[in-house]
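Chains A and B, in that order, are what the protein sequence lines are.
Take the first sequence: its position 35, counted from the start at 1, is 35 in my numbering, and no numbers get skipped.
Take the second sequence: its position 313, counted from the start at 1, is 313 in my numbering, and no numbers get skipped.
Think of the CB as a built atom: it goes at the ideal place given N, C-alpha and C, for glycine as much as any other residue.
Keep in mind that this is a model prediction, so the values were computed, not measured.
This report refers to the structure that appears directly beneath it.
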Amino acid sequence: MTLESLKEWVYACVRCNTCKYIINKYYDSCPSGKKFQLESYWPSGKTWIARGLIEGKLKFSDSIVQKIYACPTCGNCMIQCELEVSDHILEIIETLRAEAVRQGFGPLKSQKAFEESIAAEHNPYKELHAQRTSWVKDAFNLKETAEVLYFVGCTSSYREAEVATAMLDLLTQIGIDVTVSKDEWCCSSPLIRTGQLKLVKELAEHNMEMIKNSKAKIVVFSCAGCYRTFKEDYPAILGQEPNIKLYHVTDYLIKLIEDGTVKFKEDTPLKVTYHDPCHIGRHCGIYDSPRKVLNSIPGIELIEMLRNRENAWCCGAGGGVKSGFKDWAVEIATERIKEAEETGAEILISSCPFCKRNLEDAIKATGSSLKFMDITELVKNRLA
Amino acid sequence: MITEKILNSMIDIVGEEFVSTDPEDLYIYSYDMTEEPQGNPNAIVMPKTPEEIQQLLKIANEYKIPVIPYVAGANIGGLTVTHRGGMIVDLKRMRQILKFDAISKYVVLEPGVTFGHLKKFLLENHPDFIYSYAFAPPYTSVTTNALLEGLTEFSFRWGCMGDWITGLEVVLPTGEITRIGSCATSDHWNMKYPLPDMTGLFIGWQGMTGIVTKCAVKVVPKPPIRKLYGAVYSGLDVADEVFKKVANTDLIHGDFTFSWPTVLMMMGQKHPLREIRDDEPVMMTGLLIFANDKKDLKNKERQLSKIAQEASEKTNQNVQILPAELGAPKKILEYLDLPSNLPPFFEFRSGDKKGVGMSWLGTYTNPNNWKECYEKGYKIMEDHGFEPLIFVKNMDSGHFYVVRFLIPFNKAVPGEAEEVRKMLEELVDATLPLGSIPYKCPAWAAKKVKKVLDPAWLALARKIRDTLDPNHIMNPDRWAFLD
C-alpha cells in the first residue's frame, strides 16, 4: 500500500466522533485518544493526517511520526465506526507508518532495532537464532516432520517460554503428532505493524518453505499476533492464500474437545475472566472458541469483563506500543487489570504471549493479586 | 500570531502535552464536516480547569489573540473554523458530571460531557430520569448544544435546549470567573430566576462572550410509558393542520418530521434517489407520546385519531397515524433512539468516489410560514441537483417551528462544496423574508441576517460585546454582523 492508494478513503471520514467510544455503551474504546486527547491522536485524526499528506498540505515530521505510532492498532475504532471507512482505518494507519519509514521518518527509535535484530537473528529480541528452541525439553522427542507444526513465535520462544512449553506439553500429552521447527523465523508482525516492510516478504517466504519442509498438514499458533499475520497479511504479501490449514490454538482445541481427543479432569472450582487479544478477536473474529474452551472445563466459571469480545479494551502491547511507549503500554494494561479485578475472578486468562507479557507487567506494577494464565496453561493443567 | 514567549506561557498553564502548534494539529482543527473553507488556528490548547482557562484568556487579552472554544467540532455551521488564526481551546478534557439533584431535577456538567456520557450516567445512576437528546451522533457536547440553542427530541414540549439551562459558570473574556443564576448565591443550580436573567448573555452568542465551564441543565422524570407513532401525509396542508392541532393539546412530547426523500434516505437509498411517485406520502412524522398508564395512552391515542380525522376532512388530504412498531422500518426506529449515529445521512452522496460531508441550513421559523419555507427550499435543492432532504419540527408547543434543509455532500467530488455554499446562500435569501432565522448561524449567513436586523438591536448587541470583550478576542469570526 502507498499513500496514494489511500486516496479512495481519506475523504470518507466525516469526524463524527463515533470511533472514540463504544457505540451505545459509551465506554472508552481508543487508548490513544484517551491518553493524548488532541484530535490527531484519535482514529479520525489519523485519517485526516493521511488526507493532509495526500493533499500536500502536510509533510512527514517527527511530530506526525509520534502521533501515527501512538496507537496499539487494536482496531476498536473499526468496530465503533459505522461508516464505510471503518474497514480501512488500520490500513490507513499502517500505510502511514510504512510511508513514514519509506521517507526516512519512521519508525520510532526503539522500533528500528526490530529490523536489525530480525535481519541478523530472525527475531526482534536480539537473541541468537540458535537458541530459538532452547526451551524444548528433550523429553518431547520431536521429529523433523509431523502432521502438525506448532509455530511458536518469537515471544514464546524467547520471553514467555512457559506458554510454548504448556502448548507442546498439551499437544504431546493428548497424542498429537506435532513438531516445532528450529528453522522458524519471525512471522514479521513487529515489522508490518511498525511499517518496516523491507524484510517482510523474505520472512513470509521462508516460513512457508519451512512449513512445507515439515510436511505438516496443519499449523497451530499460540500467539495471536503470528496467527493474524499468517491469516490476514501473508495472502497479500505472497499473492496467494497459504496452502495449508492454519489454526489458532483456541479454534484447534475446540476441534479436539468436540472429537473427544481432549478430555478434562474434575478439579477445584476457579473463577476466571477472559481477555480477548486484538489480533485474534477484532482482527480475525475469534471470540467464541476461547469461551467455549473455558466453559467446557469442569469447575471453571467464566465471568466476563465489562468490555469484552469486539468491545474489549486492548492490553496495550501491540502496534509497536510496548517498545515505543513503555510506560503508556503498562498504563493501558493497568486499566484492563482493574477491569478484570472488578469481575471477582482469581485468574485472568488470555491466548496471546504478547498480551501475557504486558498484562503481567501491569499486575506487577499495580501489585494486583490477580494471576495471569495463558489458555494453553490452564487447559494443560486440567487435562484428564 | 503566537510567539514562542506566548507559547511557553500556555505550556506553563496546561502542560506541554496539551499545547500544540504542530502543523497536523492545526490542519485537523482547520476544517469541520461542512463546506466551510479551511481556516488555520495558530495553536491548540486543552485546559482542564476554569482557572487554567482564566489564565489563558488573560494571555489572549494581553496579546489580542483570538480564542475559539471547541469540544467536538460537529456543530454543522463552521463555528469552530477560524479565519483569523488564534488559539483553539479544546475543552474535551473537562468531562466531569459534577452534580445531580433529583429533587430540583438538574445536572451540572463540564463542557466536554457528551450526550452519550450523560445518557450512560443517567442509565447507571438515575434511571428514573431522562435528558432530551439531539438527533446527532452521541459524542457531541451537551453544553454546546444547549448554548447554541440546539433542538432535541422533546423540543416539541419544552423548546430549544437553551431553555433547559438553569445555571452557568463562565470565564469572561477578560478572565473573571462568574456564576449565573441561583448558583451565584449558593450551590443550588436549579433557577435562573429571580435575579436578572443573565444566561442570555451567553446563550446563542456562539462563544463570543466567554467560555462556559459549568452548565446546569434540567433533567425530566422518565414517564411510565413512552410510545412512538408514525404519521404519513398525502399533502402539506393536512400536515400543517395536524401540527397546529396537536400543538394546542398536551398529547405530544416529541416530534420529528421528514420529507419523503429523507425517509427513503434513512431507509438506505442513496443518491441519486428514484423519483417520488404521486401515490407516495409527502412527509412522515414520528410523534412521541408520554403516558402515565395504559388508560391514559388509550385516551391520547383516541384524541390523536380524532385530530387526524378532522384534519383529513378539513383539507381533503389524507393522514394516517399508526404505532411506529406497526409501520416504521426498523432502521428508522434505530435512528430515533437518540443519540444515534447517522451513516445514511453522512454517506448519502458517497458513491464511486468515497467522500462525506454534511451541511445544512437550519431555521427557526414562524409556524404561519413553514409551508412556504419548505416549498421554496424544496425547489432550490432540486434546482441544484440535491435531493430535498428536509426536516420539520414543532417547537415549544407550536410557538415556533424548525425547517431544516439537510445537505449531505461529497468532499471527494471537486466543486461540490462550492455548489453547496451557493445553494445555502439561496436558501437563506428565500427563507429570511419569511421570518426564518438561521440557527447555529454561520458567519456568511449572519451577514445576510444583518440586512433584516433592527439597527437598535444591533447597537445593543455590539454594546454588550464591547463591554464583555473589549478586545474582541472571543470567537471573532462568529456573528459577523457585530463587526
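Check	Outcome
Extent of the continuous alpha helix (DSSP H) run through K5 of chain B	E4 to V14
Neighbour flag for H117 of chain B against chain A, beta carbons, 8 Å	yes
Y227 of chain A in three-state terms, based on DSSP	helix
Near-chain A residues of the region 326-341 of chain B - C-beta to any C-beta below 7 Å	N341
Beta-carbon neighbours of L83 of chain A, restricted to chain B and to distances below 8 Å	P343, F346, E347 and V356
Status (buried if at least 16 other CB within 10 Å, exposed otherwise) for G344 of chain A	exposed
Distance, T285 of chain B Cα to V263 of chain B Cα	10 Å
Three-state secondary structure assigned by DSSP to D489 of chain B	With chain B represented from 1 up to 483, any question about residue 489 of chain B goes unanswered, as that position is not in the structure.
First through last residue of the beta strand (DSSP E) which encompasses F258 of chain B	G254 to S259
For M161 of chain B, the first and last residue of its enclosing beta strand (DSSP E)	From DSSP, M161 of chain B is part of no beta strand (DSSP E); its letter is neither H nor E.
Test: A70 of chain A CB closer than 8 Å to a CB of chain B	no
Contact list for D22 of chain B against chain A, beta-carbon separation under 7 Å	S63
Neighbourhood of V200 of chain A by C-beta distance below 7 Å, restricted to the same chain and skipping five residues each side	S188, L191, I192 and I237
Where E110 of chain B falls, given that 16 or more other Cβ within 10 Å makes a residue buried	buried
Extent of the continuous beta strand (DSSP E) run through T285 of chain B	M283 to A291
Beta-carbon neighbours of I49 of chain A, restricted to chain B and to distances below 8 Å	E24, Y27 and I28
Cβ of C74 of chain A within 8 Å of any chain B Cβ	no
Which residues DSSP lists as bridging W479 of chain B, in chain order	DSSP lists no partner for W479 of chain B.
C-beta neighbour in chain B for D40 of chain A, strict 8 Å	Here the sequence assigns Ser to residue 40 of chain A, which means Asp is not the residue at that position. True, the Cβ-Cβ gap to chain B drops below 8 Å.
Rounded C-alpha distance that separates I23 of chain A from D163 of chain B	29 Å
Below-8 Å beta-carbon distance, F100 of chain B vs any chain A residue	no
L6 of chain A, buried or exposed, once every other Cβ within 10 Å from all chains shown has been counted against 16	buried
For P69 of chain B, the three-state DSSP class (helix, strand or coil)	strand
Which of helix, strand or coil DSSP assigns to V319 of chain A	Per the sequence shown, residue 319 of chain A should be read as Gly rather than Val. Looking at G319 of chain A - three-state DSSP - the assignment turns out to be coil, as it is neither helix nor strand.
The region 269-279 of chain B touching the region 200-215 of chain B, judged by at least three CB pairs closer than 8 Å	no
Chain A residues whose Cβ lies nearer than 7 Å to that of R421 of chain B	Under the 7 Å cutoff, chain A gives no residues; its nearest Cβ is about 17 Å from R421 of chain B.
CB contact check: T262 of chain B to chain A, cutoff 8 Å	no
Of the residues A:K364, A:I347 and A:R357, the one placed nearest K371 of chain A, counting alpha carbons only	A:I347
For M78 of chain A, the nearest candidate out of A:A100, A:S157, A:G52 and A:C284 (CA to CA)	A:C284
Burial state of G167 of chain B, where buried means 16 or more other Cβ atoms lie within 10 Å	buried
Distance CB(T334 of chain A)-CB(A317 of chain A) smaller than 8 Å	no
Sub-8 Å separation of L251 of chain B and K298 of chain B beta-carbons	no
Run of the alpha helix (DSSP H) containing Q269 of chain B, from where it starts to where it stops	From DSSP, Q269 of chain B is part of no alpha helix (DSSP H); its letter is neither H nor E.
Interface flag, E176 of chain B vs chain A, CB-CB below 8 Å	no
Proximity winner among B:I321, B:T21, B:T257 and B:T3, relative to E153 of chain B (alpha-carbon distances)	B:T257
Any C-beta of chain B under 8 Å from that of E8 of chain A	yes
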